[in-house]
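Per UniProt numbering, residue 1 is the first one in the sequence shown, and the count goes up by one each step.
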Amino acid sequence: MVPKRFLIMIMPTTLTLKNIPDELYKRLKASAEAHRRSLNNEVIVCLETVLLPERISVEERLTRARALRNSLPKDKFQPQDIDSLKREGRP
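Written out as structure tokens, the structure reads:
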């Protein structure tokens, strides 16, 4: 016999979605196919992405931004060039 303390298990919860708009379903299905996931797993990934985002401190975010900026060639990107490219649109 298994002791009671080992019987407490975290079981996944089942969720049923009803009345999903056709367009949303099509997009979800296409996304699942593109990522080679089941529809169920795609929904879980989408929910996790929105509801459980990675928490990054302000300091870490700034550190990453500065590292990225410092990794770019110093004289390749001039502010006027960036503004011009934004106005023209990206290829």
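A virtual CB, placed ideally from N, CA and C, is assigned to each residue, including glycine.
Cβ-based neighbour list, residue i, same chain, cut-off 8 Å, excluding 5 preceding and 5 following
i: Asn41; result: Ala32
i: Cys46; result: Leu28, Ser31
i: Ala67; result: none
i: Arg69; result: none
Nearest-angstrom beta carbon gap, residue j and residue i [assumed within contact, 8 Å]
i: Leu39; j: Leu28; result: 7 Å
Minimum Cβ-Cβ distance from residue i to chain B less than 9 Å
i: Ser84; result: Protein chain content of the structure displayed is limited to a single chain, and chain B is not contained in it.
Inside the stretch 37-80 only - alpha helix (DSSP H) runs reaching at least 4 residues: 39-51, 58-71
Alpha helix (DSSP H) runs wholly inside the stretch 5-34, at least 4 long, in chain order: 22-34
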